[in-house]
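Asks: One line per chain: the protein sequences are C and F, in this order. Be aware that the first sequence starts at 0, since it is given in numbering that gives the first Met the number 0, and climbs by one per residue. Be aware that the second sequence starts at 0, since it is given in numbering that gives the first Met the number 0, and climbs by one per residue. Where a beta carbon is used, it is the ideal one built from N, C-alpha and C, also for glycine.
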Amino acid sequence: MSLITENLVVLDLAAPDRHAATRVLAEALNREGRVTDLDGFVADVRAREDQMATGLPGGIGIPHARSEHVTQASLVFGRAPEGIDWGAADGPANLVFLIAGPKGSDEDHLSVLATLARRLTRPDFRRSLLEAPDAAAVVEVVQREVVGA
Amino acid sequence: MRLVAVTSCPTGIAHTYMAAESLEQSALAAGHEIEVEAQGAAGCVPLAAGTIAAADAVILAADVEVRGRERFAGKPTISVGVRRAITDAPGLLEQAVAAAGAPTPTAAASDSRGDLGGAGAVSARPAGPVGPEGADPQPRGFEPVGPERVRREPLGSRPVRPDPVAREPVATHVRRWLMTGVGHMVPFVAAGGILTSLSFLLAQLAGRGGAVALGGTSLTGVATGFDPASAMEWARLLFTVGAAAFALLVPVLAGFTAFAIADRPGLTPGFVCGTIAAALGTGFLGGIAAGLLGGFTAWWVTRWAVPSGLRQVMPVVVTPLVSTLLTGAALVVVLGRPLRAVSTGLAAWLGGLAGLNLAVLGVVLGLMMGFDLGGPVNKVAYTFATAGLAATSMGAARGASGTASLEVMAAVMAAGMTPPLGMALASALRGRLFSEPERESGRAAWLLGASFISEGAIPFAVADPWRVIASSMAGSAVAGALVMAFGSTSRAPHGGIWVTPLIGSPQLFLLAVVAGACVTAGLVVTLKSTRRAVAAEQALAGAAGPTR
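1. Going by DSSP in three states, C/V41 sits in which element: helix, strand or coil?
2. Out of F/L501, F/A28, F/A222, F/P375, which one is the CA nearest neighbour of F/R336?
3. Nearest-angstrom Cα distance between F/A29 and F/V44?
4. On the DSSP bridge list, what partners appear for F/R1?
5. Which residues bound the alpha helix (DSSP H) around F/F451?
6. Check whether the Cβ atoms of F/M368 and F/S453 sit closer than 8 Å, and answer yes or no.
7. Note down the Cα distance separating F/G280 from F/V81, rounded to an integer number of angstroms.
8. Against F/P419, what residues of chain C qualify as contacts under a CB-to-CB distance less than 8 Å, listed in chain order?
9. Count the other CB atoms, across all protein chains shown, that sit within 10 Å of the CB of F/G155; report buried if there are 16 or more and exposed otherwise.
10. With burial defined as no fewer than 16 other Cβ atoms inside 10 Å of the residue's Cβ, what is the status of F/V3: buried or exposed?
11. Which stretch, first to last residue, makes up the beta strand (DSSP E) that contains C/N93?
12. Grab me the residues of C/T70's own chain with a C-beta within less than 8 Å of its C-beta, minus the 5 sequence neighbours each way, in chain order.
13. Just the C-alpha distance for C/L97 and C/L24, rounded to the nearest angstrom, thanks.
14. Going by C-alpha to C-alpha distance, which of C/P80, C/A92, C/E130 sits closest to C/P62?
15. Hey, which unbroken runs of the alpha helix (DSSP H) at 4 residues or more fall wholly within the segment 41–68 of chain C?
16. Give me the residue from F/L91, F/A246, F/S471 with the minimum Cα distance to F/T274.
17. Can you give me, in chain order, the residues of the segment 69–85 of chain C that have a beta carbon less than 8 Å from any beta carbon in chain F?
18. Taking 8 Å as the limit between beta carbons, can you name the residues of its chain near C/V111, skipping five residues before and five after?
19. Rounded to whole angstroms, what is the Cα-Cα separation between F/F238 and F/A222?
20. May I ask you to verify whether the segment 470–489 of chain F touches the segment 407–424 of chain F, counting CB pairs closer than 8 Å and requiring at least 3?
21. State the DSSP-derived secondary structure class of F/R466, mapped to helix, strand or coil.
22. Once DSSP output is grouped into helix, strand and coil, what is the label at F/S487?
23. I'd like to know whether the C-beta of C/Q142 is nearer than 8 Å to at least one C-beta of chain F.
24. In chain C, which residues lie less than 8 Å from F/P9 when you measure between Cβ atoms?
25. Of all the options F/L91, F/G286, F/I468, F/R263, which has the alpha carbon lying nearest to the alpha carbon of F/A414?
26. Go through its chain and collect everything with a Cβ distance to C/D84's Cβ below 6 Å, but skip five positions before and after it.
27. Could you pull the DSSP bridge partners for C/R78 from this structure?
28. Write down the C-beta distance between F/A261 and F/G290 rounded to the nearest angstrom, noting that I regard them as a contact closer than 8 Å.
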């Protein structure tokens with residue numbers, strides 16, 4: 000099973016705040032049966048987010064959790080044209096990755112998430128995500144840059 | 000520039016790797032070599048020992064405890080929160096390069112303010128348990144600046160640990176290490192000293208031989224025979240507990256001095272050497288030597304390039320074993336004989352002086368009491384006095400010589416009371432010349448000095464040895480000479496003002512003590528003020544320097 004599919008891409012993410020946005024993305028996971036307990040998973044992400052907001056410079060938010068409610072390592076991509084405040088110093092986030100890791104050691108998937116995290120620091124990767132015309136293009140970029148890397 | 004870094008975050012799946020990537024990319028762009036150990040959930044490839052050994056500086060970008068932090072002991076290290084590596088990797092690299100010793104505009108500022116920084120960092124957490132890094136002073140130049148940055152990195156302002164090989168003046172480094180030792184020692188001095196003082200007070204109130212009777216108190220005696228109905232037994236209990244706290248004074252000083260030099264690996268050799276130094280009766284000067292020796296040995300051992308199979312057991316087994324054995328053995332073998340020779344030599348010499356003019360004898364005893372504050376020289380003078388006192392009270396010596404030995408006892412006691420009192424006075428009158436831990440020590444030193452607990456001045460003496468020791472010797476000499484001149488006597492071997500009933504001509508005795516304390520305070524304030532003036536001049540010269 001792949002880390003990200005077209006059903007896990009939300010191109011018009013809009014929400015009043017980052018917690019609501021996280022929930023929208025988590026619902027996609029729930030629809031795909033990748034989480035066993037939506038509320039439990041959202042609470043786990045919220046707990047991490049409350050430690051310190053995961054917004055990063057360059058318009059990125061990476062809400063994430065390793066949670067017992069996650070059945071397989073997954074990535075939900077959200078693009079927010081309006082921007083959602085994710086606590087970064089330089090402004091709201093346009094690119095949001097909800098990273099869901101299962102509890103326990105699942106090193107193959109975890110290393111893919113690690114690669115994604117590394118790629119996010121690169122401007123060209125971010126640009127290709129911002130400019131991707133549709134969900135399929137997003138999946139293709141992530142697969143090429145992260146999973147195939 | 001060769002750098003190594005460790006990144007880690009609580010979840011271990013995002014920030015850890017983003018930080019690692021940012022550092023790698025930025026280092027590439029800036030032309031530095033860097034290897035990053037990402038301590039995340041996806042497995043962790045440890046840095047090779049050789050890579051660490053070859054690195055010029057270390058960056059720890061972590062929001063959770065860095066695993067294997069001791070591998071980097073002694074390296075110039077920048078510790079920040081993980082986000083800093085993501086948001087400002089180039090700036091972080093610049094900081095690391097600066098820490099590695101490349102000339103930077105901030106170097107001068109960090110030099111001239113080094114001793115202030117040391118004192119300030121120790122005092123930053125006066126209350127509660129101090130974490131492993133808590134009391135480690137850091138150079139001002141490397142601190143995160145401004146509250147905004149600190150707030151965004153709650154775990155980000157861990158101390159920078161400079162390489163022991165000096166880039167700043169050696170004296171600044173030594174002072175910083177010693178201030179770490181002092182910072183941890185101060186509570187022991189205060190607790191032990193106040194308990195002992197209270198025990199004297201209580202024993203005096205209880206009568207039945209008063210404070211003098213505390214001399215024979217033993218831990219096992221109190222432990223097996225404690226009687227809650229007896230005030231004297233309570234006094235013995237306080238005395239015993241106070242003595243236990245005092246027994247740790249030199250080990251704690253040495254242990255945390257070594258810790259400041261070598262981080263955790265320094266603790267074992269530092270504490271063991273400190274305990275040996277204490278057992279040998281070296282006093283605080285031996286404690287300083289033990290701390291420096293233990294710290295440097297541990298630092299050296301941690302820098303050994305070892306095969307990776309051995310690296311796992313280095314911090315737990317090899318480093319403590321080797322460094323403790325080397326330093327402990329060296330201390331016992333090297334220090335033991337000369338110390339003994341000095342003690343017996345001094346004692347014999349002092350015995351020869353017995354027939355001399357009493358005022359001169361008072362000066363000599365005062366100088367000895369004030370010199371090492373509970374160390375070997377001080378002990379010789381004290382033993383000289385108590386031996387005379389014992390002989391007198393057993394009736395072996397009568398008449399004029401008997402009175403003389405009581406005067407000697409009084410002179411020694413007065414000379415032992417003045418150093419803490421003088422420091423207490425000086426730190427109360429001219430607080431800005433002293434660091435916060437020193438001012439705290441100063442508040443307790445009133446009571447300690449009044450109780451003839453010379454150790455109360457040790458925190459001051461460690462922080463600034465020669466100025467404090469010189470002042471302390473001068474004041475003690477004045478007190479000793481005055482007591483002899485006044486002809487005050489003491490029938491008590493310890494107790495300070497609490498044994499006033501056993502002191503002959505107590506008003507004159509107290510006058511001598513006050514005079515000595517004033518001399519000590521006046522001298523130390525003068526000497527420290529001079530240093531400030533010189534330091535200010537040097538700072539000005541340093542600021543003007545780069546233009547040449």
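Replies: According to the structure data:
1. DSSP places C/V41 in helix when its eight states are reduced to three.
2. When the alpha-carbon of F/R336 is set against those of F/L501, F/A28, F/A222, F/P375, the nearest one is in F/P375.
3. Taking the straight line joining both Cα atoms gives about 24 Å.
4. Paired residues: F/E32.
5. Boundaries for F/F451: no alpha helix (DSSP H) harbours it, and the DSSP string shows neither H nor E there.
6. F/S453 sits close to F/M368, with the two beta carbons spaced by under 8 Å.
7. If you take the alpha carbons of F/G280 and F/V81, they lie about 47 Å apart.
8. Chain-ordered listing is empty here: chain C has no CB closer than 8 Å to the CB of F/P419, the nearest sitting near 47 Å.
9. Unreliable positioning characterises F/G155 in this predicted model, as indicated by a pLDDT of 34, which lies under 50. A coordinate reading is not provided.
10. Answer is buried; the Cβ neighbour count reaches 16.
11. Counting along the chain, the beta strand (DSSP E) containing C/N93 begins and ends at 92–101.
12. Spatial neighbours of C/T70 in its own chain (CB-CB distance under 8 Å, excluding positions within 5 residues in sequence) are listed in chain order as G32, R33, V34, T35, P101.
13. Taking the straight line joining both Cα atoms gives about 7 Å.
14. Taking only the C-alpha atoms, the option nearest C/P62 is C/A92.
15. Runs of the alpha helix (DSSP H) inside the segment 41–68 of chain C: none found.
16. When only C-alpha atoms are compared, the closest one is F/A246.
17. Within the segment 69–85 of chain C, no residue has a Cβ lying closer than 8 Å to any Cβ of chain F.
18. The residues are L2, A72, V145, V146.
19. Cα-Cα distance, rounded: 12 Å.
20. Flag = yes, the segment 470–489 of chain F and the segment 407–424 of chain F touch.
21. In this structure, F/R466 counts as helix in the three-state DSSP scheme.
22. Coil at F/S487, not helix or strand.
23. Interface criterion not met: the Cβ of C/Q142 is under 8 Å from no Cβ in chain F.
24. Neighbours of F/P9 on chain C, chain order: R47, Q50.
25. In terms of Cα proximity to F/A414, the closest of F/L91, F/G286, F/I468, F/R263 is F/I468.
26. The beta carbon of C/D84 sits closer than 6 Å to those of P91, all from its chain and outside the five residues before and after it, given in chain order.
27. In DSSP, C/R78 forms a bridge with C/L94.
28. Their Cβ separation, rounded to whole angstroms, is 10 Å, which puts F/A261 and F/G290 out of contact at 8 Å.
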